[in-house]
Amino acid sequence: MAGARRRIVVVGGGVAGLAAAYALARARQTGVPVEELLIEGKKRLGGVILTERVEGFIIEAGPDSFLEQKPEAAALCRELGLGDDLIGSNDHARRTYILHHGRLAALPDGLMLLVPTRIWPMVTTPLLPLRSKLGVAREWFTSPANHREPDESVASFVRRHFGDAMLENIAAPLLAGVYGGDSEKLSVRSVLPRFWEMEKKYGSLTRATLRAMKQRRAASAGAGNSSPPLFMTLRDGLDQLTAKLAGFPDESRVHLDRRVLAIEPSPGGPGGQADSCSRRFQIHAEGNVTWDADAVVLAMPAKECARVLASLDPKLSALLADIPYSSSMTISLAYGAGARAQLPPGFGFLVPHHEGRRMLACTFVHTKFDGRVPEGKSLLRCFLGGAHDPDVLNLTDEEAVALVRKELREILNFSAEPLFARVHRWPASMAQYVVGHAARLEEIRARLEEHPGLFLAGNAYSGIGISDCIRTGRAAAERALQLVLRN
């Protein structure tokens, strides 16, 4: 293979795989002797990023935005020439409600995920009883612990700092809305690593958060910057990003509707009997197709990675298979003029599990971002599923629409007739970072060291957001490049 281009195969065409393929394509275009292949089992690229445009409405079937504080997504958009299309959330109108005893109550102002940073909103909120408010005040005096367990559940962590009511009425529904997870099982070390480190250093999360906010304000003031928006997206939908990324590998290098069956060592690769310069891996796909590769980036859900690696490394396969997932549905309801007046101001609401509803959350899309709906019209995105509702996908589309309309009527007294509805299903799409996730990742990394040239990317490992997927995809591609060019 002297002088031949090294081949790196990316399996999985979601945003992590697209980011990896983009990094490889850019390297090839700058003269690096490498070729990329992108293999996707479905008939389209983009993964859970899916935008529909219907009658002037922009409907996000999956994620609708990314966090501004995680810079990878916005930076990649700018790199791709999409900087002028970046828009921020309307934070002046950002109010989120929690369903509490059947009625909506606003989240206290100044709440940083689960940490209060302002006194009066916590004093006046109906979401916490007096005893809990006193407990929140006492959290200020928490000292760093002399000993901590290597990991614990988010529920246990929040209880220790703020009590049961803060967990059940605020933290749990917030995390269910993001992760679709059960706070009794989610790992605080993996889901809330910043707070885990804050506790280690300062003890009190409140003191640590206020200190961090003060430092950020000072940095912003020094740079002359105004406060950035909490969320960002693209003007015409998030699939602007995936479409742009998909254009970088040549069409001949992208293989759609090719489900990978197994990855095995190449008979002539390192450790084989033939020429030691031969490629390392063989990738077998449906249709009796096989590709050779010097390196492989697996950017599929962990359970799919487990399936294709079962013969290569049963131990690695078992570790990946142990990462649990939850399923979800999004139901988007479009409304005509007049419906908006029946809705409260703000971004939407969250529903604690103990309220006995199936809806996890509802976003008022027309408020959150500009340009999502025709003038005067409204768009609601309702979410079902998560760890507490594993049977959600058994609902028909008609049943799902009827269910969320019934709950909207009972929660909001909102009975407007939608112009249309769109239902999207996401089976086993939300990785659950349960207690022990960090230790499992260490075991996975140790097994990967036994297979030089094999890399993982995606939302199952070190972050579930779009920026996290981009970061892991590009990092995997970079490591693959370093390896194949070194050998």
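By my numbering, the letter at position 403 of the sequence shown is numbered 403, and the numbering carries on one by one without gaps.
In this text, a Cβ means the ideal position worked out from N, Cα and C, and glycines have one as well.
Just to confirm my understanding: we take residue i, look at its own chain, exclude 5 residues before and 5 after, and list those with CB closer than 6 Å. What are they?
i, result
"P108", "P121, M122 and T125"
"G163", "S132 and G135"
"D397", "V423"
"L128", "A165"
"F420", "A334"
"F248", "Y22 and A25"
"A176", "L360 and G386"
Using a Cβ-Cβ cut-off of 7 Å (strictly less than) and excluding sequence neighbours within five positions of residue i, which residues of its own chain qualify?
i, result
"T290", "Q282, I283 and H284"
"D294", "R6, R7, I8, R279, R280, G453 and V484"
"A20", "V10, V297, A299, A457, G473, R474, A476 and A477"
"A466", "The sequence given here places Ile at residue 466; Ala does not occur at that position. Excluding positions up to five away in sequence, the list reads V15, P63, F66 and A73."
Going straight from the alpha carbon of residue i to that of residue j, what length do you get?
i, j, result
"T117", "P374", "37 Å"
"T472", "V260", "21 Å"
"K200", "A212", "15 Å"
"A416", "I331", "15 Å"
"L412", "K406", "10 Å"
"V385", "H92", "The amino acid at residue 385 is misidentified as Val; the sequence shows Gly. Those two C-alpha atoms are separated by around 30 Å."
"L174", "A387", "14 Å"
"G110", "S89", "17 Å"
"I470", "Y22", "10 Å"
"R78", "R103", "42 Å"
"T367", "L114", "23 Å"
"R207", "S328", "36 Å"
"I444", "A321", "11 Å"
"I39", "V9", "7 Å"
"I263", "V401", "41 Å"
"E149", "W196", "11 Å"
"G489", "L192", "Here the chain has residues from 1 to 487 only, and residue 489 is not among them."
"A476", "K70", "18 Å"
"E355", "A337", "31 Å"
"M300", "E251", "21 Å"
"V404", "C382", "7 Å"
"D468", "S462", "7 Å"
"I49", "G62", "5 Å"
"L205", "E72", "26 Å"
"E68", "A74", "7 Å"
"T493", "N146", "In this structure the chain extends from 1 to 487, so residue 493 is not present and cannot be described."
"M487", "E36", "According to the sequence provided, residue 487 is Asn. The question's Met does not apply to it. Rounded to whole angstroms, N487 to E36 spans 17 Å at the Cα level."
Which residues mark the beginning and the end of the alpha helix (DSSP H) in which residue i is found?
i, result
"L485", "I466 to R486"
"A37", "Contrary to the premise, residue 37 reads as Leu rather than Ala in this sequence. Note, L37: premise wrong, no alpha helix (DSSP H); beta strand (DSSP E) at V34 to I39."
"V365", "V365 to K368"
"L316", "P314 to A321"
"V308", "A302 to V308"
For residue i, report the span of its beta strand (DSSP E) as first-last.
i, result
"S328", "Y325 to Y335"
"Q240", "No beta strand (DSSP E) contains Q240, which is instead part of the alpha helix (DSSP H) from D239 to A246."
"Q29", "Element bounds for Q29: not the beta strand (DSSP E) but the alpha helix (DSSP H), V15 to Q29."
"R53", "T51 to V54"
Return the chain-ordered list of same chain residues with a C-beta closer than 8 Å to the C-beta of residue i, the five sequence neighbours on each side being excluded.
i, result
"A318", "A306"
Exercise. Between the stretch 333 to 353 and the stretch 300 to 315, do three or more beta carbon pairs fall short of 8 Å?
Worked result: no
Exercise. If we count Cβ pairs, one from each stretch, closer than 8 Å, do we get three or more for the stretch 9 to 18 versus the stretch 449 to 459?
Worked result: yes
Exercise. Just checking, does the stretch 225 to 243 make contact with the stretch 137 to 145 on the three C-beta pairs under 8 Å criterion?
Worked result: no
Exercise. Whole alpha helix (DSSP H) runs in the stretch 386 to 453 with 4 or more residues, listed along the chain?
Worked result: 397 to 412 and 437 to 448
Exercise. For the stretch 474 to 482 against the stretch 19 to 27, are there 3 or more C-beta pairs whose distance is under 8 Å?
Worked result: yes
Exercise. Do the stretch 359 to 367 and the stretch 421 to 438 make contact, defined as three or more Cβ pairs closer than 8 Å?
Worked result: no
Problem set entry | Unbroken stretches of the alpha helix (DSSP H), 4 residues or longer, contained in the stretch 73 to 156 | 119 to 124 and 130 to 138
For this session: Could you say if the stretch 311 to 319 and the stretch 444 to 453 meet the contact criterion of at least three C-beta pairs nearer than 8 Å?
Result: yes
Problem set entry | Within the stretch 169 to 210, ranges of the alpha helix (DSSP H) (whole runs, at least 4 residues) | 172 to 179, 188 to 191 and 193 to 202
Exercise. Is the stretch 145 to 164 touching the stretch 181 to 200 in the sense that three or more CB pairs, one from each, lie closer than 8 Å?
Worked result: yes
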